[in-house]
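Participant:
Protein chains in written order, with the working numbering: chain P, 71 to 184; chain S, 127 to 235.
#1: Between S:155, S:170, S:131, which has its C-alpha nearest residue 211 of chain S's C-alpha?
#2: Hey, out of P:134, P:174, P:114, whose CA is closest to residue 90 of chain P's CA?
#3: If you follow the beta strand (DSSP E) that residue 94 of chain P is part of, which residue opens it and which one closes it?
#4: Check residue 210 of chain S in the structure and name its three-state DSSP category.
#5: Does the structure place the segment 153-161 of chain P close enough to the segment 188-208 of chain S that three or more beta carbon pairs sit under 8 Å?
#6: According to DSSP, residue 186 of chain S sits in a beta bridge with which residue or residues?
#7: Within 10 angstroms of the Cβ of residue 85 of chain P, are there 16 or more other Cβ atoms? Answer buried if so, exposed if not.
#8: Nearest to residue 87 of chain P by CA position, among P:116, P:149, P:110, is which residue?
#9: Can you find the residues in the same chain that come closer than 8 Å, C-beta to C-beta, to residue 145 of chain P, ignoring five residues on each side of it along the sequence?
#10: Is residue 159 of chain S near residue 190 of chain S, with beta carbons less than 8 Å apart?
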């Protein structure tokens, strides 16, 4: 059983398109995250939800919109894709919001914008 | 936010003990120190976490001096499969955790 799953694994699209990435966790966790990892391996948090409520919203263009229909799912929708959006996007979950909570990561979605 | 500094890369040979040190001079009282491991094309995976002194689990040990301004991840007898990027994180809440660019450990035969 996959704990944190993401779809799709790869996404290749043209500039200007709108795309979504889906994430699901079956761990019963309350908190979920989206991270972006660039080509230099720098992993940066974008958003976090706790029990379907947005608790972390870092400096991210408003073309990125997270949605959490329930606490097991956190989707990421990206409008008007740009070349600079090319990266690997990781979803993660944890039991709670404290730093002592272990985060469980999904396999990542490699987004390539042409 | 507690900023962390760790070496960009390290090389080691199979069977050796590897120590990766992370500096976090402005760590706050309620900050935890956490290490993650990331293999190519995979998400990061939790290795170990500590607050002070020494923590050991089946994978690694974490040494934290009394002033907590640094920490050392120790991997005993590494194998080729330990080749990965290792991230040191410091924070008291999820918002404060910054992964940075990590340390690329390469284990050579």
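The beta carbon of each residue, even a glycine, is placed where N, CA and C say it ideally should be.
These figures come from a predicted structure and were not determined experimentally.
Facilitator: In short:
#1: Answer by Cα proximity: S:170.
#2: Measuring from the Cα of residue 90 of chain P, the nearest candidate turns out to be P:134.
#3: For residue 94 of chain P, the uninterrupted beta strand (DSSP E) segment begins and ends at 89-95.
#4: Under the three-state reduction of DSSP output, residue 210 of chain S falls in the strand class.
#5: In short, these stretches do not touch, since the Cβ pair count stays below three.
#6: BP columns for residue 186 of chain S are empty, so no partner.
#7: Exposed: under 16 other Cβ atoms inside 10 Å.
#8: With distances taken between Cα atoms, residue 87 of chain P lies closest to P:149.
#9: Counting only Cβ-Cβ distances below 8 Å, and skipping sequence neighbours, we find 90, 91, 92, 93, 136, 137, 138, 139.
#10: Yes.
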